[in-house]
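Protein chains: 2
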Amino acid sequence: MKHDLYEIIHRRRDVRGEFTGAPVPDAVLDRILSAAHAAPSVGLSQPWDFIVVRDRALREAFHDHVRSEREVFAATLDAEAAARFARIKIDGVLESTLSIVVTYDQQRGGPAVLGRHAIADAGLYSVCLAIENLWLAATAERMGVGWVSFYREDFLQGLLGIPAGVRPVAWLCLGPVSELQKVPDLERHGWSGRRPLHQARHDDGWGNRPSTGGSAQR
Amino acid sequence: MKHDLYEIIHRRRDVRGEFTGAPVPDAVLDRILSAAHAAPSVGLSQPWDFIVVRDRALREAFHDHVRSEREVFAATLDAEAAARFARIKIDGVLESTLSIVVTYDQQRGGPAVLGRHAIADAGLYSVCLAIENLWLAATAERMGVGWVSFYREDFLQGLLGIPAGVRPVAWLCLGPVSELQKVPDLERHGWSGRRPLHQARHDDGWGNRPSTGGSAQR
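In the order they appear, the protein sequences are chains A and L.
Going by numbering that gives the first Met the number 0, the first residue of the first sequence is number 0, and it counts up by one from there.
Going by numbering that gives the first Met the number 0, the first residue of the second sequence is number 0, and it counts up by one from there.
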């Protein structure tokens, strides 16, 4: 079966409200994790791990924590923003089929990781590349992924027994969805909009815009 | 034209020695940058920018800097590792057609970026997701990408006039290649090997291995 890369990249969404809770077949989960594990990594260090969380008590404990962090954030907003925020669902921890926590082992492959001597965060970058592979593979499999970032790292570390020196990078809700939204939730709810690509494009130095809108004419 | 996601994910390589220097058509570069720009981002902040570097003088200056950082790293190695390292090509800055520097704007979308109050690095993570989209799209287009990380961020900031508060995250060499290696360079050169996926997999807590090797039987 063919899964077209560009179609997947542009269809992919960050899912909160559309999880159905239907099963994720083992073979599908294996393909998704294999895709993540095939990501590039600095010095071939592969510093990621994947903790598959299905246990209901663990997910409920995490969900309670997310709810309290939501309150912490809401308290920083002015009244108008707080009202908009109140309408936004921030996680599908309980409705999704399972979650995958992705971690970063700072010691893996060390101490002499080729390419990491000058950039301390290079290993962390590698973990994120694996996360995007995972997300695209799940989208190809007609599943949804929702990255929940309303949590404190030390809480998650304690909850899942993650050792010192290993840092949780993402809690990803995963599972079948009723649909993927055409427009991102935060845009639909008027929280923020997307910027056009040409504003993000520079040629041969910061602030030099391509001669014709968005296209490289040279 | 169909570009199969899984085929691309598993064929993708970090390229050093196989760049041909052949042109990158504008339409191809546009598709690659559009793919990067379609990545997920915390609070829909899209904190990335893309600086396309074709200027020869800029690339030579960067290449000289990379060479000196290579020496810095080599000096930290013992004799045996240094001998292995001496055989490894670490960049294709001059041979590739162009480079793309990807940056992270820490202020974009701020101060109240939804999902970033608890995790300061969440914006940085978003930038890396865009990089992986870029890499996969380039692979789909039969191009190669090589992430060069032998540099100091402040050097690159000065070279390209990147303003304070914006952090360079990656220098990516891009262009047509003679081939993509089947086995990663660092593995072929005996620098490091890949770990099997089942070692990276945990169930419902750190260190709990799936009941049957790599597969989720439940």
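Think of the CB as a built atom: it goes at the ideal place given N, C-alpha and C, for glycine as much as any other residue.
Original post:
Alpha carbon to alpha carbon, what distance is there between P175 (chain L) and V165 (chain A)?
Top reply: Between V165 (chain A) and P175 (chain L), the alpha-carbon positions lie close to 37 angstroms from each other.
Original post:
Based on Cα-Cα distance, which residue from L:I130, L:T102, L:Y150 lies nearest to A163 (chain L)?
Top reply: L:T102
Subject >> Contact residues within the segment 174-200 of chain A, judged by C-beta distance below 7 angstroms to chain L >> reply: If the cut-off is 7 angstroms between Cβ atoms, the segment 174-200 of chain A has P183, L185, E186, W190, S191, R193, R194, L196, A199, R200 near chain L.
Original post:
Considering only residues of the same chain and omitting the five flanking positions on each side of R66 (chain A), which have a CB-CB separation below 8 angstroms?
Top reply: none
Original post:
Run through DSSP, which three-state label would D54 (chain L) get?
Top reply: coil
Subject >> Range of the contiguous alpha helix (DSSP H) that encloses W134 (chain L) >> reply: 121-139
Original post:
From which residue to which residue does the beta strand (DSSP E) around S98 (chain L) run?
Top reply: 97-104
Original post:
Does the beta-carbon distance from L32 (chain L) to L4 (chain A) come in below 8 angstroms?
Top reply: The Cβ atoms of L32 (chain L) and L4 (chain A) lie no closer than 8 angstroms to each other.
**OP:** Please name the residue, chosen from L:I130, L:E6, L:G16, L:R11, that lies closest to W170 (chain L) on a Cα-to-Cα basis.
**Re:** Relative to W170 (chain L), the option among L:I130, L:E6, L:G16, L:R11 whose CA is nearest is L:I130.
**OP:** Indicate whether the contact test is met: 3 or more Cβ pairs, each with one atom in the segment 88-106 of chain A and one in the segment 8-24 of chain A, closer than 8 angstroms.
**Re:** yes
Subject >> Cross-chain neighbours of Q45 (chain L) in chain A, by beta carbon under 8 angstroms >> reply: R193, R194, A199
Subject >> Start-to-end residues for the beta strand (DSSP E) that takes in D29 (chain A) >> reply: Note, D29 (chain A): premise wrong, no beta strand (DSSP E); alpha helix (DSSP H) at 25-36.
**OP:** Spell out whether any CB of chain L is found under 8 angstroms from the CB atom of D153 (chain A).
**Re:** no
Original post:
Is the CB of P39 (chain L) under 8 angstroms away from at least one CB in chain A?
Top reply: yes
Original post:
Residues of chain L with a CB under 9 angstroms from the CB of P162 (chain A): which are they?
Top reply: W205, G206
Subject >> Any chain A beta carbon closer than 8 angstroms to E94 (chain L) >> reply: no
Original post:
Short check: CB of A37 (chain L) to CB of I87 (chain A), under 8 angstroms?
Top reply: no
Subject >> Straight-line Cα distance separating V27 (chain L) from E140 (chain L) >> reply: The alpha-carbon of E140 (chain L) is positioned some 7 angstroms away from that of V27 (chain L).
**OP:** Have a look at L73 (chain L) and R15 (chain L) and give me their C-alpha separation to the nearest angstrom.
**Re:** The identity of residue 73 (chain L) in the sequence shown is Ala, whereas the question assumes Leu. Each residue's Cα considered, the two are about 18 angstroms apart.
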